[in-house]
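Chemist:
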Amino acid sequence: MSSSERSLAGVHVIGAGPAGLMAAETLAEAGCTVHVHDAMPSAGRKFLLAGKGGLNLTHAEPLGAFLSRYGARRAQLEPLLAQFGPQALRDWAHGLGIWTFVGTSGRVFPDEMKAAPLLRAWMHRLREAGVRFHMRHRWTGWTSAGALCFETPQGPLAVAADATVLALGGASWPRLGSDGAWQPLLEARGIPVAPLRPANCGFDVARPQPDGTLLPGWSEHFRSRFPGQPLKSVALSLPDGGAAAPRQGEFVITATGVEGSLIYAHAAALRDAIEAQGRASFLLDLLPARAPEQVGREVAHPRGSRSLSSHLQSRLGLAGVKAALLWELLPREAMADPARLAGAIKRLPLTLVAARPVTEAISTAGGVRFEALDGQLMLRDLPGVFCAGEMLDWEAPTGGYLLTACFASGRAAGLGVRRWLAGQRA
Ligand SMILES: Cc1cc2nc3c(=O)[nH]c(=O)nc-3n(C[C@H](O)[C@H](O)[C@H](O)COP(=O)(O)OP(=O)(O)OC[C@H]3O[C@@H](n4cnc5c(N)ncnc54)[C@H](O)[C@@H]3O)c2cc1C
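Heads up: the sequence shown begins at 1 in UniProt numbering, then just goes up one per residue.
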């Protein structure tokens, strides 16, 4: 089938997630003609899913701490966040009639803790501003003449654009639309892309054996009882974490390992260690509110005829999945030795052997390398083509840092297009 060619003058934004929609809004407010394309039947599907978890929009911590969450990419993201940072994002949401509040952890949520009201109000405002949406339009690359190619329900389509913003997302949760299929399309045009890897992801565990070998996964007993169970009020530290204080929080047992916010907070370091050494470990404090001496005293307290399980439960409140994890990971002789057992309650080593696949992760590391972009987020080798959002090569923990950087880069790409078009006309 030959593709029909249309000249839809204006700026074409591909990807109707937070980054693409923010780019579209930034362009529409300057009077540009804006077309937004998305492969899915409706906009913002991952954003809506994020809303199911409460929609952690941003974080209220001091800006220096906030910027540090972007690790090695802080320098690249700082100028974008200076233009549209956490407070600007909250003000913008208020402008849509969505009030926000700061949770006890400093995380910022909409009052209703949902994405749908915000997205609905935003889509309405974008349509009122003249933004035209083309859903079920899957971008598949460029024609030899540089037109954008789409697969549409009406067949292939080629569109000439004044400028383009690619905001195609990462590769996690592909059924929501972002599948990373853009990677080879950009690489074919010589654009360097860092491999897409899981970020904020779960991990598969292994159980070290006395002979030093590793047995993959949980035991049959543990796997049949504990997946889905949360370990609450625990603390996690990395063995080489130096003086870094253990971080408190919670995580969940899965069929093959562990996942959840406390794991995500360390996921980048754990993933990198597995890639380098084939395994990684962390130390779990099952009772962070209790000092090691107190735990030692309680474990050593004579237990008479009581079983060890009921002793741990009555002296320390250790029961359920926390106690089961000790039985799962400690050799019998360590369980029988009060000093070793008390030590393990405060510093239980867990061994991880694989990050879960990127398709299951909350977000994606890797993407279009910043060296390929100018300060306006335009691809140096493809003038007039800008990139924004999670498809860029940065990562951050959960806590609102992901959405904030997606909005900020969408805003920056929109401003970049405006400047570039003004330069073209001059
Ligand atoms: C379960 C879950 C919970 C989350 N919770 C939070 C949270 O609370 N706080 C937070 O900060 N972050 C959260 N995130 C992360 C956040 O949702 C993403 O970082 C953010 O949506 C990325 O925005 P984006 O615009 O870059 O990409 P996306 O939102 O992924 O949007 C990209 C769009 O591009 C479209 N697209 C892709 N390829 C093509 C193509 N070839 N042609 C046409 N269209 C295409 C997709 O259909 C999609 O609509 C969560 C993620 C998940 C999975």
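All residues carry an ideal CB built from backbone N, CA and C; glycine is no exception.
Hey, how far is the Cα of F66 from the Cα of A336?
Modeler: Stepping through the sequence shown from its first residue, residue 66 is reached at position 66. Stepping through the sequence shown from its first residue, residue 336 is reached at position 336. If I take the Cα positions, the gap works out to 45 Å.
Chemist: Rounded to whole angstroms, what's the CA-CA distance from A35 to A163? Just pull it up for me.
Modeler: Here the question's residue 35 lines up with position 35 in the sequence shown. Here the question's residue 163 lines up with position 163 in the sequence shown. As written in the sequence, residue 35 is His, which differs from the Ala given in the question. Their backbone Cα atoms lie some 11 Å apart in a straight line.
Chemist: Is W122 near ligand 1, going by C-beta to nearest heavy atom under 7 Å?
Modeler: As a position in the sequence shown, residue 122 is number 122, starting the count at 1. No, the beta carbon of W122 sits no closer than 7 Å to any heavy atom of ligand 1.
Chemist: The alpha helix (DSSP H) that contains A28, what's its start and end?
Modeler: For this step, residue 28 is matched to residue 28 along the sequence shown. That run of the alpha helix (DSSP H) goes P18 to A28.
Chemist: Taking 8 Å as the threshold (C-beta atoms), are F222 and A334 in contact?
Modeler: Translated into the one-based positions of the sequence shown, residue 334 becomes position 334. Translated into the one-based positions of the sequence shown, residue 222 becomes position 222. For A334 and F222, no; Cβs fall outside 8 Å.
Chemist: Taking 7 Å as the cut-off, is the beta-carbon of K114 closer than that to any non-hydrogen atom of ligand 1?
Modeler: Numbered from its first residue, the sequence shown carries residue 114 at position 114. No; taking the cut-off as 7 Å, the Cβ of K114 has no heavy atom of ligand 1 nearer than that.
Chemist: Below 8 Å between beta carbons: does that hold for T364 and A171?
Modeler: Numbered from 1 along the sequence shown, position 364 holds the residue referred to as residue 364. Numbered from 1 along the sequence shown, position 171 holds the residue referred to as residue 171. Closer than 8 Å, so yes.
Chemist: Between A23, L352, L57 and L312, which lies nearest to I253 when the distance is taken from Cα to Cα?
Modeler: Mapped onto the sequence shown, residue 253 falls at position 253. Nearest option by C-alpha distance: L352.
Chemist: Taking buried to mean at least 16 other C-beta atoms within 10 Å of its own C-beta, is Q424 buried or exposed?
Modeler: On the sequence shown, residue 424 is found 424 positions in, with the first residue counted as 1. By the 10 Å Cβ count, Q424 comes out exposed.
Chemist: With a threshold of 8 Å, are at least 3 pairs of Cβ atoms found where one atom belongs to the region 370-390 and the other to the region 53-69?
Modeler: no
Chemist: Exposed or buried, what is Q183 when buried is set at 16 or more other beta-carbons lying within 10 Å of its beta-carbon?
Modeler: Position 183 of the sequence shown, counting from 1, holds the residue named residue 183. It counts as buried.
Chemist: What is the DSSP secondary structure of M378, reduced to helix, strand or coil?
Modeler: Here the question's residue 378 lines up with position 378 in the sequence shown. Strand.
Chemist: Apply the 10 Å Cβ neighbour rule to K52 and answer buried if 16 or more other Cβ atoms are within range, or exposed otherwise.
Modeler: If you number the sequence shown from 1, residue 52 lands on position 52. Flag for K52 reads exposed.
Chemist: Can you grab the Cα-Cα spacing for the pair G31 / F47, in whole Å?
Modeler: Position 31 of the sequence shown, counted from the first residue, corresponds to residue 31. Position 47 of the sequence shown, counted from the first residue, corresponds to residue 47. Our two residues, G31 and F47, have alpha carbons roughly 26 Å apart in a direct line.
Chemist: Residue range of the beta strand (DSSP E) that C406 falls in?
Modeler: For the purposes of this step, residue 406 is taken as the residue at position 406 of the sequence shown. Not the beta strand (DSSP E): C406 falls in the alpha helix (DSSP H), residues Y401 to R425.
Chemist: Would the C-beta of C387 count as close to ligand 1, meaning under 7 Å from any of its heavy atoms?
Modeler: The residue given as residue 387 occupies position 387 in the sequence shown. At a threshold of 7 Å, C387 does not count as near ligand 1, since its beta carbon sits no closer than that to any of the ligand's heavy atoms.
Chemist: Does the region 306-314 come close enough to the region 200-210 to have 3 or more Cβ pairs within less than 8 Å?
Modeler: no
Chemist: Check whether the Cβ atoms of V11 and V358 sit closer than 8 Å, and answer yes or no.
Modeler: For the purposes of this step, residue 11 is taken as the residue at position 11 of the sequence shown. For the purposes of this step, residue 358 is taken as the residue at position 358 of the sequence shown. No, they are not a contact pair.
Chemist: Are the Cβ atoms of A396 and A19 separated by less than 8 Å?
Modeler: Within the sequence shown, numbered from 1, the residue matching residue 396 stands at position 396. Within the sequence shown, numbered from 1, the residue matching residue 19 stands at position 19. Not in contact: A396 and A19 (Cβ atoms no closer than 8 Å).
Chemist: Alpha carbons only, please: which of A408, A206 and A412 is nearest the one belonging to R90?
Modeler: The sequence position of residue 90 within the sequence shown is 90, counting from 1. Nearest C-alpha to R90: A408.
Chemist: Could you tell me whether any non-hydrogen atom of ligand 2 is closer than 7 Å to the CB of M40?
Modeler: You won't find ligand 2 in this model; what it holds is ligand 1.
Chemist: Please state the DSSP three-state secondary structure of I263.
Modeler: On the sequence shown, residue 263 is found 263 positions in, with the first residue counted as 1. Helix, per DSSP.
Chemist: CA-CA distance, V13 and Q277?
Modeler: Taking the sequence shown and counting its residues from 1, one reaches residue 13 at position 13. Taking the sequence shown and counting its residues from 1, one reaches residue 277 at position 277. Their backbone Cα atoms lie some 41 Å apart in a straight line.
Chemist: Could you spell out the range, first to last residue, of the beta strand (DSSP E) harbouring Q248?
Modeler: Taking the sequence shown and counting its residues from 1, one reaches residue 248 at position 248. Q248 -> beta strand (DSSP E) spans R247 to I253.
Chemist: Which term fits residue 431, buried or exposed, when burial requires 16 or more other beta carbons within 10 angstroms of its beta carbon?
Modeler: As displayed, the chain neither begins before 1 nor continues past 426, which places residue 431 out of reach and without an answer.
Chemist: Can you give me the Cβ contacts of S2 inside the same chain, cut-off strictly under 7 Å, excluding the 5 residues immediately before and after it?
Modeler: Residue mapping note: residue 2 aligns to position 2 of the sequence shown, counting from 1. Confidence at S2 is low in this model, with a pLDDT of 46, below 50, so the placement of that residue should be treated as unreliable; the coordinate-derived value is given next. Here the set comprises nothing.
Chemist: Who are the Cβ neighbours of V321 in its own chain at under 8 Å, not counting the five residues just before and after it?
Modeler: In the sequence shown, the residue the question calls residue 321 occupies position 321. The residues are F226, Q229, P230, L231 and I253.
Chemist: Using only the alpha-carbon positions, how far apart do A43 and L80 sit?
Modeler: Counting from 1 along the sequence shown, the entry for residue 43 is found at position 43. Counting from 1 along the sequence shown, the entry for residue 80 is found at position 80. Between A43 and L80, the C-alpha separation is close to 24 Å.
Chemist: In angstroms, rounded to a whole number, what distance separates the CA positions of A16 and D38?
Modeler: On the sequence shown, position 16 is the one that residue 16 refers to. On the sequence shown, position 38 is the one that residue 38 refers to. Cα to Cα, A16 sits roughly 6 Å from D38.
Chemist: Taking only runs that begin and end inside the region 51-86, name each unbroken alpha helix (DSSP H) of 4 or more residues, in chain order.
Modeler: Look at the region 51-86 and you find these whole runs of alpha helix (DSSP H), each 4 residues long or longer: 63-68 and 74-83.
Chemist: Would you mind sorting S224 into buried or exposed? The rule is 16 or more other CB atoms within 10 Å of its CB.
Modeler: Within the sequence shown, numbered from 1, the residue matching residue 224 stands at position 224. Exposed is the call here.
Chemist: What residue ranges within the region 299-376 form continuous alpha helix (DSSP H) runs of no fewer than 4 residues, ordered along the chain?
Modeler: If we require 4 residues or more, the alpha helix (DSSP H) runs fully inside the region 299-376 come out as 308-316, 320-329, 332-335 and 338-346.
Chemist: May I ask you to check if the CB of G169 is nearer than 7 Å to at least one heavy atom of ligand 1?
Modeler: Residue 169 sits at position 169 when you count from the first residue of the sequence shown. For ligand 1, a non-hydrogen atom lies closer than 7 Å to the CB of G169.
Chemist: Give me, in chain order, the residues of the same chain whose beta-carbon lies closer than 7 Å to that of F109; leave out the 5 immediate sequence neighbours on both sides.
Modeler: Position 109 of the sequence shown, counting from 1, holds the residue named residue 109. The answer, listed in chain order, is G54, L55, N56, L57, T100, F101 and G103.
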